[in-house]
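Take a look at the structure set out below.
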Amino acid sequence: MTGISVTLERTIFRYEELEMLFDIHFEPGNLYAIMGPSGAGKSTLLNLVAGFESPLSGRILFDGQDMTGTGPDRRPVSMIFQENNLFAHLTVWTNIAIGVKPDGRTTAEDDRRIHEVLERTGLAGLEHRLPGELSGGQRQRVALARALLRNRPVMLLDEPFAALGPALRHDMLDFVAEIHRDKGFTTIMVTHLPEDALAIAEQVVFMDEGHILACTRPADMHALAQQLPQLARYLGPPST
Ligand SMILES: Nc1ncnc2c1ncn2[C@@H]1O[C@H](COP(=O)(O)OP(=O)(O)O)[C@@H](O)[C@H]1O
Ligand SMILES: [Mg+2]
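If you're matching positions, the sequence shown starts at 1059 in the numbering used here and goes up one per residue.
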């Protein structure tokens, strides 16, 4: 499975006072970091792609195919949130299994693949635990395991590691980059940390007040900030 393109074509969405407009094409198989101040509309952008929100106007296309009216379960997407990715009353195994079989009725082949992703994500041996019996990092690994198993060509992550300490966050970022390299999913990750974007992203999308102001290579982000005051303000003075 390789990534597919995602296009938001003059997509308009409104929450009370803020009108958001997204017009952007995500290339297949690239890894994007979405950055911007709190309230910029980053989560809304992902929710529109995932189908949890519907635009007032405009279109959302996957590989050129219009899926603006398609429900979340029928989009070629997996989504990972900052927290609450898991059902608290279900075991690790079941939380992963429902990614492919919502009724929990897995085939022998499904079970073989679940074992494989448990190994791959370092969760083997923990499959009978409940989410409450795991660390925050392990819980996010379960969410990643489910996305791996679902094998949807677009992977969306909304500040997935913001609640983790630095060392664990770096491990998890490496893991996202590794999944991305292996599977070639089109990956769109919201992060508020420029260092995360610099570490793994191929493109950085900068948003402010419901609009996309820039899409650039991470290496060019600081140079771009000299022409874009909103980005300069967001990044703050260069660290010494
Ligand atoms: N459920 C909601 N109801 C009303 N306004 C909302 C809701 N969710 C978000 N907003 C508003 O929409 C704007 C963008 O929110 P969001 O996409 O969550 O931003 P970000 O993820 O960049 O912090 C913010 O001004 C926020 O207050
Ligand atoms: Mg958000």
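Each residue gets a CB set at the ideal place from its N, CA and C atoms; glycine is no exception.
Judged by DSSP in its simplified three-state form, Phe1110 adopts coil rather than helix or strand. Asp1266 has its Cβ no nearer than 7 Å to any heavy atom of ligand 2. For the options Ser1136, Met1137 and Ser1112, the alpha carbon positioned closest to that of Met1125 is the one of Ser1112. Shown here, Ser1136 sits in a strand according to DSSP, grouped into three states.
By the Cβ neighbour-count rule, Tyr1090 is buried, with 16 or more other Cβ atoms within 10 Å of its own. Each residue's CA atom was taken as its position, placing Val1150 and Gln1196 some 10 Å apart.
In the DSSP assignment, the residues bridged to Tyr1073 are Leu1076. The shortest CA-to-CA distance from Ala1155 to any of Asn1209, Ile1118 and Ala1281 is the one to Asn1209. Taking C-beta atoms as the reference points, Asp1131 and Ser1063 fail to come closer than 8 Å.
Distances from the alpha-carbon of Asn1088 to those of Gly1099, Gly1294, Met1213 and Met1265 put Met1213 closest.
For Met1247, DSSP records a beta bridge to Ala1091 and Leu1215. Taking the C-beta atoms as reference points, Leu1144 is found nearer than 8 Å to Pro1189. The beta carbon of Tyr1073 sits closer than 7 Å to at least one heavy atom of ligand 1. Per DSSP, the unbroken alpha helix (DSSP H) holding Gly1195 starts and ends at Gly1194 to Arg1208.
In the same chain as Leu1184, and ignoring 5 residues on each side of it, the C-beta atoms closer than 6 Å to its own belong to Val1150, in chain order.
When rounded, the separation of the alpha-carbon atoms in Glu1085 and Leu1066 is 12 Å.
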